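First the structure, in the form of structure tokens, and then the observations on it.
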Amino acid sequence: MWIAEFARRAGVKQTTVRHYLREGLLTPRSGAVGASRPYLDFTESDLRRLSAIQAGQALGLSLPEIKLLIGERRSGGGHARMLQALTAQRETLRGRAVELQAMLAFLDQKIAWLETDAKGPPPSHAGARQNGAADRTTSTGPIPL
């Protein structure tokens, strides 16, 4: 299948497919010669690879990390490296989950405080900040939380 059909079936834009081609993440066969370069002939295997790329991105892996894992898998290995990468990513996501939980707890407290017409002292956002949440700012200064 040509790039337009491939992109449509994969549910992505052609520019996304071209980006993955430039990054070496997709390697379709070269088909018949086109105007300035050969047409690219994508297969069901390429669709599965694109799905794996998207899964890796959804897990927070970078394109270079995904490319490394794909390359190792293509060469017949990569099981140990994939296990290592996914284990490390799991720990990263667990850390982010702790940070997000702290931010959600602060937001819940702040919303409850505002729902009581802001009576009493406002909740402290120190816990959310201690867990890695950065202060949010606008062009006019910090967002007043």
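Here the sequence shown is numbered in this note's numbering, starting from 92 and rising by one per residue.
We put the CB at the ideal spot given by N, CA and C, even for glycine.
If you're wondering where the values come from, they're calculated on a predicted model, not measured in any experiment.
Please report the distance separating the alpha-carbon of residue i from that of residue j.
| i | j | result |
| --- | --- | --- |
| Leu112 | Glu190 | 35 Å |
| Pro214 | Trp204 | 7 Å |
| Pro119 | Gly168 | 21 Å |
| Gly115 | Gln148 | 15 Å |
| Ser121 | Arg99 | 19 Å |
| Glu96 | Ser166 | 28 Å |
| Phe133 | Glu182 | 35 Å |
| Glu163 | Gln192 | 35 Å |
| Gly186 | Gln145 | 22 Å |
Could you tell me whether the Cβ atoms of residue i and residue j are closer together than 8 Å?
| i | j | result |
| --- | --- | --- |
| Leu131 | Ile94 | yes |
| Gln180 | Leu152 | yes |
Helix, strand or coil, according to DSSP, for residue i in the structure here?
| i | result |
| --- | --- |
| Val103 | coil |
Taking C-alpha atoms, which residue in the options lies nearest to residue i?
| i | options | result |
| --- | --- | --- |
| Leu150 | Gly186, Ala171, Leu177 and Arg139 | Leu177 |
| Leu141 | Ala171, Arg109, Pro129 and Arg172 | Arg109 |
| His216 | Leu195, Asp208, Leu184 and Ala143 | Leu195 |
Using only the heavy atoms of the ligand ADP, determine whether one of them is closer than 7 Å to the beta carbon of residue i.
| i | result |
| --- | --- |
| Ser136 | Absence of the ligand ADP is noted for the structure shown, with no ligands found whatsoever. |
Please decide whether residue i counts as near chain B, where near means a Cβ-Cβ distance under 8 Å.
| i | result |
| --- | --- |
| Arg100 | The chain labelled as chain B is not found in the depicted structure, where only one protein chain is given. |
Within the segment 122-205, ranges of the alpha helix (DSSP H) (whole runs, at least 4 residues)
135-149 and 154-165
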